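Sequential numbering from 4 applies to the sequence shown in my numbering. For reference, the structure discussed in these notes is given below.
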Amino acid sequence: MIIPTRDNAAILFLDLQAEIVTNSRTRGIPELARAAAALARLASLHRLPAFLSAVPPGGPFLAEVTSELPGYEPRMRTETSAFADHGLVAALQASGRKALILAGVASEIVVQRTALDALAAGYEVFVAVDACGGVDPRTEDAAWRRIAAAGGATTSAITFAAELAGDFTTETGGATLGILYSLLGA
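Here is the structure:
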C-alpha cells in the first residue's frame, strides 16, 4: 500500500450535507465538520484534487467544507456509490491520482460502497475516520473491517496532515502544521 502524498492523493467528500450528517451517531457533528474542513483546507493548500458527491434530497453541503473549496460544486448522484457517477470517475482518472482519501456520512453506506468500488477500480483507499460518521458503532465497525478486508485502510485527517506536512519551516509546511494543530485542539 502506498502512502498518500501531495503528488498522488485526491480527496472525495461524500454526502456531507446538512440533512445527512445529523444521522451520525458515531462522531459528533462539530468534530466531524472540523475534520472535514481540515481535509478541505489541506486540499486547497496542497492543490489536491477534491470532489464533492451528494444525493438529493440531503440539503446543502457543509459550509465548513465548501468555504474552504470556493468554486467547487457538489456532483449529484442517484446511487449509493460515488463511483456510479461516471463523470466523477472520469474526472478522477484525469487527475492521475491513485490514492483516495474518503470522508463522509454514513460510513456504512456511501463511504463503504465508494471505498469498495474504488478498490475494485484499482485505487488505494484511505478512509479518514475522524471525518466520517456512522449510524451505529457496530455497523460502522463492520464497514471498516469490510473495507480493510478488501485492501483499504483507515486513517485520519490528523495523520494525513502529518503525512503532507514536510518541512515545517516552509510556508506550506508551516500552514499544514497549523491545520494539524487545529485538529489537536491546540
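From the three backbone atoms N, C-alpha and C, an ideal C-beta is built for every residue, glycine too. As the structure is a prediction and not an experimental result, all values here were calculated from the model.
Any idea what DSSP makes of residue i, helix, strand or coil?
| i | result |
| --- | --- |
| residue 183 | helix |
| residue 130 | strand |
| residue 98 | helix |
| residue 27 | coil |
| residue 142 | helix |
| residue 72 | coil |
| residue 81 | coil |
| residue 172 | coil |
| residue 153 | coil |
Which one of the options has the shortest CA to CA distance from residue i?
| i | options | result |
| --- | --- | --- |
| residue 8 | 103, 33 and 73 | 103 |
| residue 20 | 59, 37 and 96 | 59 |
| residue 108 | 61, 52 and 47 | 61 |
| residue 81 | 18, 12, 5 and 179 | 18 |
| residue 149 | 165, 111, 175 and 161 | 111 |
| residue 55 | 44, 166, 153 and 72 | 72 |
| residue 83 | 57, 75 and 43 | 57 |
| residue 6 | 125, 166 and 175 | 166 |
| residue 138 | 37, 24, 50 and 40 | 24 |
Where does the unbroken alpha helix (DSSP H) through residue i begin, and where does it stop?
| i | result |
| --- | --- |
| residue 68 | 66-69 |
| residue 160 | 160-168 |
| residue 6 | No alpha helix (DSSP H) holds residue 6; DSSP gives it neither H nor E. |
What does residue i pair with, by DSSP beta-bridge criteria?
| i | result |
| --- | --- |
| residue 108 | 136 |
| residue 20 | 64 |
Which whole-angstrom value is the C-beta distance of residue i and residue j, which I expect to be below 8 Å?
| i | j | result |
| --- | --- | --- |
| residue 183 | residue 168 | 7 Å |
| residue 156 | residue 129 | 5 Å |
| residue 88 | residue 100 | In fact, because the Cβ distance is near 16 Å, the residues do not count as touching under 8 Å. |
| residue 106 | residue 16 | 5 Å |
Could you spell out where the beta strand (DSSP E) holding residue i opens and where it closes?
| i | result |
| --- | --- |
| residue 17 | 12-17 |
| residue 55 | 53-57 |
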